[in-house]
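A short write-up of the structure that comes next.
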Amino acid sequence: MTSLQKEYMTKVEAPFADSLTGLFNHGFFSCALDLEFRRYKRYGTALTLVFLDVDGMGDINNRQGWMTGDKVIKRVGECLGCVLRDADIAARYSEDCFALMLPQTSGAEGASPVERVCSEVESWSQGTVTVSAGIACVQDEDTEVEALINRATNALHQAKLNGRNRCILAESSPRSRPSSLPTVLVVDDEEMNANLMQDMLNTGEFQVQCVHRGQDALTAVSQMDIDLMLLDIVMPGMDGYEVCQRLKNHDRTRQIPVIMITGLEDRQAKIKAIEAGADDFITKPPDSMELLARVRSLIRVKTLNHNLTSIENVLFSFARAVESKDEYTKGHISRVASLGERLGRHLQLPSSELRALRIGGALHDLGKLGIHENILNKTGQLDDCEWHKIQQHPITGAEIAKPLKDTLGASLDIIRHHHEKLDGSGYPDGLKAEYISLPARIMAVVDIYDALVTDRAYRKAFSPEKAVAILEQEAQAGKLDPAVVEAFTVMMQDQRS
Numbered sequence: 047m048t049s050l051q052k053e054y055m056t057k058v059e060a061p062f063a064d065s066l067t068g069l070f071n072h073g074f075f076s077c078a079l080d081l082e083f084r085r086y087k088r089y090g091t092a093l094t095l096v097f098l099d100v101d102g103m104g105d106i107n108n109r110q111g112w113m114t115g116d117k118v119i120k121r122v123g124e125c126l127g128c129v130l131r132d133a134d135i136a137a138r139y140s141e142d143c144f145a146l147m148l149p150q151t152s153g154a155e156g157a158s159p160v161e162r163v164c165s166e167v168e169s170w171s172q173g174t175v176t177v178s179a180g181i182a183c184v185q186d187e188d189t190e191v192e193a194l195i196n197r198a199t200n201a202l203h204q205a206k207l208n209g210r211n212r213c214i215l216a217e218s219s220p221r222s223r224p225s226s227l228p229t230v231l232v233v234d235d236e237e238m239n240a241n242l243m244q245d246m247l248n249t250g251e252f253q254v255q256c257v258h259r260g261q262d263a264l265t266a267v268s269q270m271d272i273d274l275m276l277l278d279i280v281m282p283g284m285d286g287y288e289v290c291q292r293l294k295n296h297d298r299t300r301q302i303p304v305i306m307i308t309g310l311e312d313r314q315a316k317i318k319a320i321e322a323g324a325d326d327f328i329t330k331p332p333d334s335m336e337l338l339a340r341v342r343s344l345i346r347v348k349t350l351n352h353n354l355t356s357i358e359n360v361l362f363s364f365a366r367a368v369e370s371k372d373e374y375t376k377g378h379i380s381r382v383a384s385l386g387e388r389l390g391r392h393l394q395l396p397s398s399e400l401r402a403l404r405i406g407g408a409l410h411d412l413g414k415l416g417i418h419e420n421i422l423n424k425t426g427q428l429d430d431c432e433w434h435k436i437q438q439h440p441i442t443g444a445e446i447a448k449p450l451k452d453t454l455g456a457s458l459d460i461i462r463h464h465h466e467k468l469d470g471s472g473y474p475d476g477l478k479a480e481y482i483s484l485p486a487r488i489m490a491v492v493d494i495y496d497a498l499v500t501d502r503a504y505r506k507a508f509s510p511e512k513a514v515a516i517l518e519q520e521a522q523a524g525k526l527d528p529a530v531v532e533a534f535t536v537m538m539q540d541q542r543s
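Numbering (our numbering), first residue to last: 47 to 543.
Structure, rendered in structure tokens:
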């Protein structure tokens with residue numbers, strides 16, 4: 047056992063390995079990566095980070111069951127373990143995502159073992175299971191380890207976008223944007239049609255790029271920022287429907303407006319385009335005035351959405367700032383967001399509520415931004431004034447996030463009501479039973495659990511077993527939802543078995 051493993055077990059009081067795969071868990075991997083990144087900053091040694099994701103894991107779980115899904119995860123972990131050198135570290139990073147740290151390895155060198163894993167998984171499953179991978183090598187301009195993580199994550203997204211079952215090496219230079227003008231990508235296999243639309247858009251308002259194949263469109267999206275896509279339906283190889291579906295299935299590209307180019311009376315094509323996620327249509331041959339009006343309108347909408355996303359990112363930054371004020375809660379928001387979403391999946395909640403749990407978990411303590419760190423880190427009992435300030439943080443957080451109520455949805459309810467109790471003894475509104483939403487009840491359980499298993503200024507962490515027992519006592523006392531606590535207990539038992 048290494049010194050880092052001993053230190054992790056001592057401080058966290060939890061195993062450093064994932065129970066299903068035997069690989070390291072997310073927490074230990076993050077510590078090891080941070081340590082190796084600091085070594086790079088001091089000595090300049092090469093370092094490569096890889097994220098591998100099992101393609102279509104949700105479909106496997108839904109169609110074949112969770113036991114089959116766990117078997118797949120376990121087997122992929124075994125394939126990954128077979129390519130490791132002594133210095134390499136592999137982990138189960140999230141539910142269906144693995145991470146691999148390769149010290150003293152360039153990005154290109156790191157591609158070789160990753161490709162062996164991809165090949166081994168495909169061979170073992172006879173093509174029924176594949177993995178995609180994003181590879182990133184540390185760069186001189188990386189001042190924080192998050193920059194390396196973001197590049198590896200983006201490379202993984204690009205691998206998924208480009209058809210899955212492939213490895214993508216992150217670019218060494220930033221994504222390009224030719225000018226400050228909005229960029230319109232015209233995708234049409236007929237050069238004459240593409241040139242015609244390019245001429246119509248040549249008003250000085252846009253930067254226009256043209257490609258003639260669906261695959262080339264996805265490549266262009268991965269290499270530059272696209273503000274709108276004009277997409278022909280009928281093309282050789284990958285048609286417009288598939289291109290549109292791939293764009294809309296990924297967080298990084300789903301906000302790109304897509305105008306599908308259809309035949310004059312092709313009603314069936316329009317219906318299929320709607321199902322693929324198209325934002326608008328225009329018929330052949332396009333009218334220049336109509337084309338310009340539609341393009342301008344959708345780019346305005348995208349700009350508004352981008353601004354809202356930017357505001358969301360600011361809120362997440364605020365939430366991380368809160369965490370940095372409290373020395374005992376590092377990693378709390380990410381753990382709670384992850385636990386909440388996992389419990390939501392265990393309870394088979396719809397995707398909208400899973401999103402609310404993920405975002406609400408990340409922002410639930412946003413209101414602590416207004417509480418002095420002396421109160422957050424106080425080792426003694428809080429006085430009445432200090433306790434009142436603590437009880438106000440859900441209200442403050444909800445007020446900060448309120449301008450985004452249309453996009454945050456049920457997440458806003460989680461921010462305000464994650465400290466409510468079924469018997470009305472919670473805060474800030476003293477809600478009872480049926481007046482507390484299910485996502486807020488879930489967040490209450492996972493928030494308390496993470497607080498119990500983490501060292502605090504006034505006490506040491508409880509063991510996971512003791513924390514679950516406390517949750518069960520709270521449920522029996524009528525404070526927490528018994529069904530949610532029971533589901534959480536089963537989920538945690540399954541994780542340990």
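For each residue, glycine too, the CB sits at the ideal point set by N, CA and C. Because the structure is a prediction, the values reported are computed rather than measured.
If you draw a straight line from the Cα of Thr-500 to the Cα of Ser-65, it comes to about 20 Å. If you look at Ala-179, you'll find it in the beta strand (DSSP E) that goes 177 to 183. In the DSSP assignment, Leu-146 forms a beta bridge with Val-96 and Ala-136. Comparing C-alpha distances from Ala-133 to each of Val-184, Glu-161 and Leu-79 shows the shortest one belongs to Leu-79.
Pairing Leu-415 with Ala-444, the inter-Cα distance amounts to about 12 Å. Burial is judged here by how many other beta carbons sit within 10 angstroms of a residue's own beta carbon; His-463 has at least 16 and is buried.
Here Asp-527 is buried. Its C-beta has 16 or more other C-beta atoms within 10 Å. Going by beta carbons, Val-230 and Leu-242 fall outside the 8 Å limit. Taking every protein chain shown into account, the CB of Met-113 has fewer than 16 other CB atoms within 10 angstroms, so this residue is exposed. One thing to note: Ile-214 has its Cβ no nearer than 8 Å to the Cβ of Gly-250. The DSSP-derived three-state label of Phe-62 is coil. Taken through DSSP and simplified to helix, strand or coil, Cys-256 comes out as strand. At the C-beta level, Leu-69 and Val-160 stay beyond 8 Å of one another. Annotated as distal: Lys-348 and Pro-282, with beta-carbon spacing of 8 Å or more.
Taken through DSSP and simplified to helix, strand or coil, Val-280 comes out as coil. Contact check for Leu-458 against Lys-467 fails: the beta carbons are separated by 8 Å or more.
Per DSSP, Thr-48 lies in no alpha helix (DSSP H) segment and is marked neither H nor E. The alpha-carbon of Gly-123 is positioned some 27 Å away from that of Ser-397. Looking at the DSSP output, Asp-326 bridges to Ile-305. Of the candidates Asn-107, Ala-408, His-439 and Met-147, Met-147 places its Cα closest to the Cα of Phe-75. Residue state for Phe-70 is assigned as strand, using DSSP reduced to three classes. Straight through space, the alpha carbons of Gly-476 and Val-175 are spaced by roughly 49 Å. Residue state for Ile-214 is assigned as strand, using DSSP reduced to three classes. The beta-bridge partner set that DSSP reports for Asp-469 consists of Lys-478.
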